[in-house]
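**Student:** Here it is, the structure, as structure tokens.
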Amino acid sequence: MSKFVTFEIFRYDPEKDKEPYYQTYKVEIRRPGMLMLEGLNQIKWEQDTTLAFRRSCREGVCGSDGINVNGVNMLSCMTKIEDLGSDHLVIQPLPGMPVMRDLVTDVDDFFEKFITVKPYLIRKSPAPDKEFYQSPEDRKKLDGLYECILCGCCSSSCPSYWADKKYLGPNAFLRAYRYLIDSRDEGAEERLPILNDKNGVWRCHTIYNCVEACPKELNPTKAIVGIRQMLLERQY
Amino acid sequence: MSVKIEYHKFDVVVFGAGGAGLNAAQVASQYCSTAVISEVYPTRSHTISAQGGISAALGNLEEDHWHWHMFDTVKGSDYLADQDACEYMTKLAPQYIIELEHIGVPFSRTPEGKIAQRPFGGHTAEFGKRPVKRACYAADRTGHVMLQTLYEKAVAQKTQFFSEFYVLELLVNDGAVNGLLCWDIQNGGFHIFHAKAVVFASGGCCRIFKTNSNAHINTGDGLAVAMRKGFSWSDAEFIQFHPTGIYLAGNLITEGVRGEGGILLNANGERFMEKYAPTIKDLAPRDIVSRSMVKEVLAGRGVGPKKDHVLLKIDHIGAEAIMEKLPGIHELALVFAGVDCTKEPIPVMPTAHYQNGGIPTNYKTHVIKGFGSNPEETVPGFFAAGEIASASVHGANRLGTNSLLDLVVFGRTAGEEAAKYANSISFVPLAENAGQEGVELLQKFLNSNGENTFGPVYEELRTVMETNVGVFRTEELMTEAKEKLQVIKTKMDNFRVNDKSSIYNLELIEALELNNMILVSQALTECALLRKESRGGHAREDYPERDDANFLKHSEVTLDKDGNIVVGYRPVRMKPLTVEPFPVKPRVY
Ligand SMILES: Cc1cc2nc3c(=O)[nH]c(=O)nc-3n(C[C@H](O)[C@H](O)[C@H](O)COP(=O)(O)OP(=O)(O)OC[C@H]3O[C@@H](n4cnc5c(N)ncnc54)[C@H](O)[C@@H]3O)c2cc1C
Ligand code: SF4
Ligand code: SF4
Ligand code: FES
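In order, the protein sequence lines correspond to chains A and B.
For what it's worth, the numbering used here labels the leading residue of the first sequence as 357, then goes sequentially.
For what it's worth, the numbering used here labels the leading residue of the second sequence as 4, then goes sequentially.
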């Protein structure tokens, strides 16, 4: 790999730009394993201070920095430049979400959809004095679901999510399922009708983009299949 | 003022959406109108990164008692913690952890289905006899599950969120705190949140060090905002350097790795902690382990071509156990050290991790006025919890897992106390020019066209702090730091922000944060210079002993009316709420 990699970055400031454009930067590779976020910071701190992007934890857990590089959604903080196998990287904001500025997208709709599925434990019967007992086997059912970092890479890669503004999207389904199969939860009757709606799980075409896009290697389609099964069992 | 400001009114306004802020907010929302201000979406707060666990003497796997936990906390703090607050926190811990579980936190489980617990540094049974399993965890994603669950709970509770709003100024009128001035990062524009009670929960400041485990946003804004109004930062000199930061990157490898059986090795393959802490070895508190590592390196027993780090070995517990209990660590080690920890050891060195001190409060989270006032005098309408606050349960050195517990216990208390207070008073009117200082500060940077930009100045700042005010400190190094910081500060008067946009202007936010980090660094260095002893996280080569006769007291640093940094002291509250005090003793493990 050469010592420099080209970053061709989507730029747009609605306050001064009539339309978006791409700007090219040379990023110096300063160590093996250098990450995309280091490249973006290098640009911001040394070349062009006006570039806008999101970041917070810088270690793949807060979900701030989903971006699209050469057509693939990823987290800038966990992606090694060398792993992308190209020295010309086209960097865009996450697709399917309105652009606010440069690499920053409007995620309000994404969070609202997440909230729509009632992502919290719902209880009808009173809680015990102690913790709810949950067997290790029941707890294991939450693995592959609870690790979601709400980065939006999945929903942003989903054709149904692009096509239909109301479609809840893979992230919301994943979270709904995380609660539906929690042995402590009693909220299925409240949650399932929301998922059975025309904007719910039936609109998914199981194209698996979301599975490929998830940087935490989670599998929203498994959740979707699980929810469909629950719906069929209850004959909604 | 000519500038346009949008006004909002809430009974309680919470500054920060980490674990402390969300817990305060979800509680306060049950009693009165509550808003949360955060510069990032709540689930992107730093609490999300917490890994290893949250302590509570549940005794799920072996006998445990809150009084033992209290003792460990006091001793771990090198006796600088306030014993009333330590009793309050450790006694409430079991009940509040159960509450967390009841709202949905997916803790890992014991075979019987109870909350699983693991050992952690400095946590012992029977007042120091042996390590005890006290840290409740969800694999190595404890902060993640807590933050997301608290966010979900707050959402269910209809808390109002103002995300990507940046706090510029704390509003005060007639001695009472009554609101915040903020900048809307997404759309531009000033907002005043007029409140009956304000809760500070804005997290820590460790981004001021080059090698650190913190998120980009941990720039000590809350400290700077409070000091500009003459409120104090207590025990500023006590920064926690966590022993196991990934070599060069600084990202954290949780102490839970050692809790699960991991050990530290020097270049000779020796388990050197056996020498420094014969009883609890690798599970000694963080200040002790960090210093031991640096001593090993200074003695020439470091690893690697530069002999400048040590190794953390965990592969002997088996790949399956690692993938089940420490999956996040496995991923971090791969990305940041290029190491597969199921096969090889992880290269580690201390990393700046946690701000032990903070805005001083009593054990009920009411902010203490601090410098120049009576020791326990509180400020009407002002509450604080979490890493920004100092109740103080961490004193000179926090025990692992006690921070998440602090968020839960004091976050909750702050929510209750703020709501109670808000419901008992009417709004204190805004001062005539409320917000003017903050507006001017932002405009100064937005309109700045000087020479210096964020990148180079920040690089200089964090390098000075790391080199001169790090794990081992001396008069000489810190005096030099003080001079350098003064020079760095003047650079802010000749600053330049190229981006003039009002839409998502990250350059502007970074400039404001840098400005805060400089003040925070200066205040910290001043306190560190004045404390001529070694205690907890503050280790001086020129004063290697603890000096209880002169320094068993909290420092308080703030700005005076002319903008000078001033330092005072306040006694430690040695009297617990109900039990006998733990007398000050030499600290051996
Ligand atoms: C890698 C890592 C692992 C850790 N593991 C553990 C562990 O296992 N156990 C444990 O007990 N502790 C652990 N800690 C420590 C613990 O996570 C933190 O101390 C704690 O999460 C701090 O929480 P908080 O609520 O006080 O603040 P934070 O979570 O930092 O939240 C601060 C909030 O303030 C907001 N804010 C800050 N400035 C502004 C501003 N100017 N305007 C608007 N909003 C602002 C932010 O947006 C954010 O919402 C760990 C820390 C790290 C770094
Ligand atoms: S599998 Fe379903 S949710 Fe996932 S991308 Fe395809 S349509 Fe969207
Ligand atoms: S499922 Fe994966 S891609 Fe989707 S929001 Fe969660 S972590 Fe991101
Ligand atoms: S910055 Fe948090 S996930 Fe990348």
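Ideal Cβ positions, reconstructed from N, Cα and C, are used throughout, including at glycine.
Nothing here was measured: the structure is a model prediction, and the numbers come from that model.
List the endpoints of the continuous beta strand (DSSP E) containing Leu268 (chain B).
**Tutor:** Residues Ile266 to Leu268.
**Student:** Give me the chain C residues within the contact set of Arg414 (chain A), using Cβ-Cβ distance strictly less than 7 Å, ordered along the chain.
**Tutor:** This model lacks chain C altogether; the protein chains it does include are A and B.
**Student:** Between Asp465 (chain A) and chain B, is the shortest Cβ-Cβ distance under 9 Å, so that the two count as touching?
**Tutor:** False, the Cβ-Cβ gap to chain B never drops below 9 Å.
**Student:** If you measure from the CB of Ile100 (chain B), is any heavy atom of ligand 1 nearer than 8 Å?
**Tutor:** Outside the cutoff, so no.
**Student:** Along the chain, which unbroken stretches of the alpha helix (DSSP H) at least 4 residues long are found entirely within the stretch 18-44 of chain B?
**Tutor:** Complete alpha helix (DSSP H) runs here, min 4: 22-31.
**Student:** I'd like to know whether the C-beta atoms of Asn334 (chain B) and Gly422 (chain A) end up nearer to each other than 9 Å.
**Tutor:** The displayed chain sequence assigns Glu, not Asn, to residue 334 (chain B). No, Cβ-Cβ distance for Glu334 (chain B) and Gly422 (chain A) is not below 9 Å.
**Student:** Can you give me the Cβ contacts of Ala23 (chain B) inside the same chain, cut-off strictly under 6 Å, excluding the 5 residues immediately before and after it?
**Tutor:** Counting only Cβ-Cβ distances below 6 Å, and skipping sequence neighbours, we find Ala204, Ala388, Gly389, Leu410 and Gly414.
**Student:** Output the residue ranges of the beta strand (DSSP E) runs that lie fully inside the stretch 87-134 of chain B and measure 3 residues or longer, sorted by chain position.
**Tutor:** Segments of the beta strand (DSSP E) lying fully in the stretch 87-134 of chain B: 120-128.
**Student:** At least one CB of chain B closer than 9 Å to the CB of Asp443 (chain A): is that the case?
**Tutor:** Chain B, which has no Cβ nearer than 9 Å to the Cβ of Asp443 (chain A), makes this no.
**Student:** Any contact of the stretch 485-493 of chain B with the stretch 182-189 of chain B, i.e. 3+ C-beta pairs under 8 Å?
**Tutor:** Too few Cβ pairs lie closer than 8 Å, so no.
**Student:** Just the Cα atoms here: how many angstroms apart are Thr145 (chain B) and Lys156 (chain B)?
**Tutor:** About 16 Å.
**Student:** From Tyr140 (chain B) to Asp551 (chain B), what distance separates their C-alpha atoms?
**Tutor:** Taking the straight line joining both Cα atoms gives about 36 Å.
**Student:** Determine the burial state of Lys132 (chain B): buried for a count of at least 16 other Cβ atoms within 10 Å of its Cβ, exposed for fewer.
**Tutor:** So Lys132 (chain B) counts as exposed.
**Student:** Is any beta-carbon of chain A found at less than 9 Å from that of Thr46 (chain B)?
**Tutor:** Judged by the 9 Å Cβ criterion, Thr46 (chain B) is in contact with chain A.
**Student:** Between Met577 (chain B) and the rest of its own chain, which residues show a CB-CB distance below 6 Å, the 5 nearest in sequence each way excluded?
**Tutor:** So the list reads Gln86 and Pro584, once near-sequence residues are dropped.
**Student:** Run the CB neighbour count on Leu301 (chain B), radius 10 Å, all protein chains shown included, and call it buried at 16 or more, exposed below.
**Tutor:** Leu301 (chain B) is exposed by the Cβ-count criterion.
**Student:** For chain B, is any of its Cβ atoms less than 9 Å away from the one on Met357 (chain A)?
**Tutor:** With a pLDDT of 47 at Met357 (chain A), under the threshold of 50, the predicted position of this residue should be treated as unreliable, though the coordinate-derived value follows. Not one chain B Cβ lies under 9 Å of Met357 (chain A).
**Student:** Tell me whether Lys556 (chain B) sits in a helix, a strand or coil according to DSSP, three-state version.
**Tutor:** Strand, per DSSP.
**Student:** Starting from Val248 (chain B), follow the beta strand (DSSP E) in both directions and report where the run begins and ends.
**Tutor:** The question names Val, but residue 248 (chain B) in the sequence shown is Gly. Here the beta strand (DSSP E) through Gly248 (chain B) covers Ile242 to Ile249.
**Student:** Looking only at DSSP bridge pairs, what is Trp186 (chain B) linked to?
**Tutor:** Trp186 (chain B) is bridged to B:Tyr169 and B:Phe193.
**Student:** According to the neighbour-count rule (16 or more other Cβ atoms, all chains shown, within 10 Å of its Cβ), is Pro308 (chain B) buried or exposed?
**Tutor:** Result: exposed.
**Student:** Let's see if you can read the secondary structure: which residues bound the beta strand (DSSP E) around Pro350 (chain B)?
**Tutor:** Ile349 to Gln358 is the span of the beta strand (DSSP E), which, as asked, contains Pro350 (chain B).
**Student:** Of all the alpha helix (DSSP H) runs that stay within the bounds of the stretch 449-504 of chain A, which reach a length of 4 or more residues?
**Tutor:** The stretch 449-504 of chain A contains these whole alpha helix (DSSP H) runs: 464-472 and 492-496.
**Student:** If you run the structure through DSSP and keep just helix, strand and coil, what is Met357 (chain A)?
**Tutor:** Unreliable placement is indicated for Met357 (chain A), whose pLDDT of 47 sits below 50; the coordinate value is still reported in the next sentence. Coil at Met357 (chain A), not helix or strand.
**Student:** Verify the CB distance criterion: does Phe488 (chain A) have a CB-CB separation below 9 Å to chain B?
**Tutor:** Yes, contact with chain B.
**Student:** Quick check: the Cα distance between Met357 (chain A) and Thr354 (chain B), rounded to an integer number of angstroms?
**Tutor:** Low confidence applies to Met357 (chain A): its pLDDT is 47, below 50, so where it sits in the model is not reliable, and the reading given next is rough at best. Met357 (chain A) and Thr354 (chain B): Cα-Cα distance of roughly 31 Å.
**Student:** Please tell me whether Ser481 (chain A) has its Cβ less than 9 Å away from any Cβ of chain B.
**Tutor:** Judged by the 9 Å Cβ criterion, Ser481 (chain A) is not in contact with chain B.
**Student:** Whose C-alpha, out of B:Ser451, B:Ala340 and B:Ala239, is nearest the C-alpha of Gly540 (chain B)?
**Tutor:** Answer by Cα proximity: B:Ala239.
**Student:** My output table needs one value for Ser427 (chain B): the three-state DSSP class, helix, strand or coil.
**Tutor:** Ser427 (chain B) falls in the helix class under three-state DSSP.
**Student:** For Tyr357 (chain B), count neighbouring C-beta atoms within 10 Å of its own C-beta (all shown protein chains included) and say buried if the count is 16 or more, exposed if not.
**Tutor:** Classification for Tyr357 (chain B): buried.
**Student:** Return yes when at least one heavy atom of ligand 4 lies under 8 Å from the C-beta of Arg47 (chain B), else no.
**Tutor:** Yes - ligand 4 has a heavy atom lying nearer than 8 Å to the Cβ of Arg47 (chain B).
**Student:** In chain order, what are the residue ranges of uninterrupted beta strand (DSSP E) at least 3 long that sit wholly in the stretch 248-303 of chain B?
**Tutor:** Fully enclosed beta strand (DSSP E) runs of 3 or longer: 266-268.
**Student:** Within 10 angstroms of its Cβ, does Leu482 (chain A) collect 16 or more other Cβ (buried), or is it exposed?
**Tutor:** Leu is not the amino acid found at residue 482 (chain A); the sequence shown has Pro there. Label assigned to Pro482 (chain A): exposed.
**Student:** Chain A partners of Asn254 (chain B), CB-CB under 9 Å?
**Tutor:** Per Cβ cutoff of 9 Å: Arg414 and Glu415.
**Student:** Using the rule of at least 16 other Cβ atoms within 10 Å of the residue's Cβ for burial, across every protein chain shown, is Met326 (chain B) buried or exposed?
**Tutor:** Exposed is the call here.
**Student:** So is the beta-carbon of Tyr533 (chain A) under 8 Å away from any non-hydrogen atom of ligand 2?
**Tutor:** Tyr533 (chain A) Cβ: outside cutoff for every heavy atom of ligand 2.
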